[in-house]
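For the sequence shown, the residue numbers in our numbering are 15 to 463.
From the three backbone atoms N, C-alpha and C, an ideal C-beta is built for every residue, glycine too.
This one's a predicted model, so the numbers in the text were calculated from it and none came from an experiment.
The structure under discussion appears below in the form of structure tokens.
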Amino acid sequence: MRFNVLSGRWLWLSLYLVSCLAYAGSSVSGVRVWSGPDNTRIVLDLSAAPEFSYFNLKKPDRLVLDLKNSQMKVELSKVDISGRLVKKVRASTPKEKDAYRLVIELNQPVTPVVFALKPTGNYGHRLVIDLPDKVGSAATEKKQQQISKTKTQQQLEGNRDIIIAIDAGHGGEDPGAIGRRKTYEKSVTLAIAKRVQRLIDKESGLKGVLIRQGDYFVNLNKRSQIARKSKADFLVSIHADGFTSSQPKGASVWVVSTRRAKSEVGRHLEDHEAESDLLGGVGELMSNTDNDAHLNFALIDMQMDYSMNTAYQVATQVLSQLGKVTTLHKKKPEHASLAVLKSPDIPSILVEAGFITNHKEENLLRSGNHQQKLAKAIVSGIKKYYQRKPLPGTLYAKTYGVKKHTVKKGESLSVLAARYKTSVAGLKKANKLSSNTLKIGQVLTIPNS
Ligand SMILES: [Zn+2]
């Protein structure tokens with residue numbers, strides 16, 4: 015009798031387990047669409063590792079994805095699909111009874127890259143569908159070629175713009191740090207980056223290029239690659255700190271170090287960056303190695319010295335400007351080993367605009383007024399550096415570079431001071447003159463006004 019009861023229970027239990035396996039399979043609890051200029055990414059949240067297959071259909075273009083043993087728990091009509099590539103996501107009848115068939119209607123033929131991601135951070139199992147946008151890529155490439163052509167042409171004429179790449183940290187699946195009021199770092203960084211770009215473009219002699227233009231993820235390698243393709247002379251990456259406690263506050267500026275950071279916040283920042291690619295979702299197929307392929311390795315050390323030196327000086331300027339509008343976490347630029355700063359050919363800094371995990375600063379970082387102040391400080395720091403050390407061939411060199419003047423008959427210090435918008439004292443100081451007399455043919459250095 016006892017045995018019968020037990021075996022009955024076992025039977026019930028095993029039937030239950032079998033039915034769980036049969037019906038639970040995996041369920042889709044989230045569908046997100048992130049559209050970038052040259053790629054649209056669709057992410058599915060799943061309760062278990064997915065078993066999937068897919069194929070393309072033409073007329074109209076669509077991608078059909080079969081998820082074995084799965085159920086959809088998302089109302090597809092409510093998924094935000096804004097962007098150019100995806101027209102609609104809908105269900106269809108699968109071949110296998112227990113499968114779920116998802117159809118993605120597209121605006122152009124696409125060769126998709128589909129891969130599963132293991133649970134990480136707050137995410138469980140995910141399935142990533144990357145849809146490369148050929149039309150968008152061609153447009154991006156054309157824009158980059160145009161920048162490059164203009165830069166070469168202007169360089170010859172000696173009046174080119176200094177190109178500043180502006181990198182808004184995180185994006186898409188990677189929210190970055192999150193504040194108490196659910197403020198996402200990725201939104202704050204994009205808002206500040208856009209303000210920085212507008213201010214830079216207003217300044218004649220400078221041109222801003224945004225690495226990320228919307229809410230989508232760009233992996234760390236690709237960020238440097240975009241900067242390089244856009245012919246950037248300098249890169250500023252914008253972040254807002256997150257920490258495990260709400261005490262730390264203040265802005266900071268980071269430059270690259272070849273060693274691991276010394277401070278706790280620095281190590282936290284490095285870990286945070288490493289986590290970014292995992293959260294953002296980098297598939298094996300997307301890891302690119304051609305990033306450094308074109309670099310002349312013999313030049314790298316020399317370039318790295320130049321880059322690190324320039325970055326440190328710009329960082330110092332930016333920090334001193336930031337200090338006028340916000341609390342500083344540290345008074346000097348700090349060092350950390352961060353991938354986004356490692357381009358040997360592009361001096362790069364990372365600005366942490368404040369701590370999003372500090373309640374007071376979270377409120378500030380949300381405010382447009384404060385974002386504008388931060389953006390202005392960043393831009394004025396960059397301007398100050400390049401006004402002092404303008405790159406050859408640039409409009410800045412023409413405007414702010416050292417000028418020479420050969421004294422002609424009838425010219426006095428006061429005449430020249432008026433002509434070059436400087437002062438007699440300034441002229442005397444720049445040329446170490448002890449008297450006011452000038453000789454015809456004497457070469458004077460004209461100081462920057
Ligand atoms: Zn960050």
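For G138, the Cβ stays outside the 8 Å cut-off from all heavy atoms of ligand 1. Within the chosen limit of 8 Å, ligand 1 does not reach the beta carbon of G407 with any heavy atom. Counted as a single uninterrupted DSSP element, the beta strand (DSSP E) harbouring D144 occupies residues 139-146. K102 is bridged by DSSP to E119. A heavy atom of ligand 1 is found nearer than 8 Å to the CB of G256. Excluding the 5 residues flanking it on each side, R226 has same chain C-beta neighbours closer than 6 Å at A182, G185, V232, in chain order. Take P262, set aside five residues on each side of it, and the residues of its chain with a beta-carbon closer than 8 Å to its own are D255, V279, H343, F369, T371, N372, in chain order. Rounded to the nearest whole angstrom, the CA to CA distance from L131 to G295 is 7 Å. T258 counts as exposed, since fewer than 16 other beta carbons sit within 10 angstroms of its beta carbon. The three-state secondary structure of D291, taken from DSSP, is helix. Distances between the C-beta of E287 and the heavy atoms of ligand 1 include at least one below 8 Å. In this structure, G228 lies near L204, with their beta-carbon atoms less than 9 Å apart. If you look at E110, you'll find it isn't in any alpha helix (DSSP H); DSSP assigns it neither H nor E.
Around ligand 1, the residues selected by a Cβ distance under 5 Å to any of its heavy atoms are G183, G190, H253, following chain order. In this structure, the alpha-carbon of K157 lies about 37 Å from that of N377. Rounded to whole angstroms, R98 and I118 show a C-alpha spacing of 13 Å. DSSP, reduced to helix, strand and coil, places G44 within a strand of the structure shown. Rounded to the nearest whole angstrom, the C-alpha separation of L79 and G190 is 30 Å.
Only residues of its own chain outside the window of five on either side were considered, and among them Y434, T459, I460 have a CB closer than 8 Å to the CB of K417, listed in chain order. In this structure, R140 places its C-beta atom within 9 Å of the C-beta atom of L58.
Inter-residue distance for R76 and I56 is about 14 Å (C-alpha atoms, whole angstroms).
The three-state reading of DSSP puts G395 in helix, counting H, G and I together.
For A444, the enclosing alpha helix (DSSP H) has its first and last residue at 438-444.
Within the same chain, and ignoring the five residues on either side of K346 in sequence, the residues whose Cβ sits closer than 8 Å to its Cβ are T330, L333. Secondary structure note for Q239: its alpha helix (DSSP H) is the uninterrupted segment 234-243. DSSP places I161 in the helix class (H, G or I) of the three-state scheme. With three or more CB-CB distances shorter than 8 Å, the region 121-128 counts as touching the region 144-160. Assignment of alpha helix (DSSP H) within the region 387-431, counting only whole runs of 4 or more residues, yields 409-414 in chain order.
Per the coordinates, the alpha-carbon of A288 lies some 15 Å from the alpha-carbon of S271. It is roughly 27 Å from the alpha-carbon of H286 to the alpha-carbon of Y320. For D247, the secondary structure class from DSSP, reduced to helix, strand or coil, is coil. Looking at the DSSP output, K221 sits in a beta bridge with I177. A Cβ-Cβ contact shorter than 9 Å links T408 with G219. For a cut-off of 8 Å, the C-beta gap from E217 to K412 is around 14 Å, too long to register as a contact.
A distance below 8 Å between beta-carbons, with the five flanking residues on each side excluded, links Y326 to the following residues of its chain, in chain order: V269, P347.
As DSSP reads the structure, V365 sits in a beta bridge with I252, V267.
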